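Each residue of the sequence shown is one higher than the last, beginning at 286 in my numbering. All C-beta atoms in this analysis are idealised placements derived from N, C-alpha and C, irrespective of residue type, glycine included. Just so it is clear, the structure is predicted and the values come from calculations on it, not from any experiment.
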Amino acid sequence: MLGVLWSIPHLMDDPRTEAQGREETFFRLPDKALVGVGLIAFCSMTGEGAMADWSTNYLLKEVRAHPAVAPLGLAAFSTAMTLGRLLGDWGRLKVGDAWLLLGCSLLALTGLSVALLVLQPWVVIGGLFAVGLGLSVVVPIAYSQAGSLPGLAPGVGIAMVTTIGYAGFLMGPPVIGFLADWQTLRVALVFVLCLFGMMAALSWRQVGGVRT
């Protein structure tokens, strides 16, 4: 993943540098703002992959839900993701990206906490719905922020954040599987809970930046 991040800015052409006669080199390392946005995408997409791959298994094996009820957790998560994406633009207009990102991060954190603490099928399903609603707009906002960072071509910023995010989406489920084999799936999902906490902390820093 680090190799891909290193090579993306070097491989992509930027018309602005061509217009300047290539007086400036386009290669650059990610700055703090881009790394922060990328980590938010990483945490969110790791959570998306974990919910997609492990929520039904969690309801079956840890919560002891009926086999007919267990798939409803993933259905609730997916429904909430769709609903959140449909309402995301309205939320951004109302409160702005930074506050919406913080609120959604805290909602995902709270939803997963409830799902891990209260082992009742319908409570867990409600928690997964909250996780889906919380994660629904995080990645779209991260992509939007990556494309509007000053001093960086939009295509490069989005490509780098996408790479970091999809690394989490692909790596998260196997890591959770390894942790579940080592301990339990419930313990393994605490790893995702910690990532949601990191996502909330990074979002809070953005809110602080908006205030100042």
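For the 8 Å CB-CB criterion, Glu333 and Phe481 do not form a contact.
For Glu333, the enclosing alpha helix (DSSP H) begins and ends at Lys317 to Lys346.
Distances from the alpha-carbon of Ala415 to those of Ala427, Ile426 and Leu401 put Leu401 closest. Per DSSP, the unbroken alpha helix (DSSP H) holding Ser429 starts and ends at Val423 to Ala431. Non-local beta-carbon contacts of Ile410 in its own chain, meaning distances under 6 Å to residues more than five positions away in sequence, involve Leu357, Gly358 and Ala361 in chain order.
About 5 Å separates the CB atoms of Ile426 and Asp382; that is less than 8 Å, so the two are in contact. By the neighbour-count criterion, in which 16 or more other beta carbons inside 10 Å mark a residue as buried, Thr367 falls on the exposed side. In chain order, Ala485 place their CB closer than 7 Å to the CB of Leu391, counting only its own chain and leaving out the 5 sequence neighbours on each side. In the displayed model, Leu434 falls within coil according to three-state DSSP, outside both helix and strand. When secondary structure is reduced to three states using DSSP, Arg349 falls in the coil class, being assigned neither helix nor strand.
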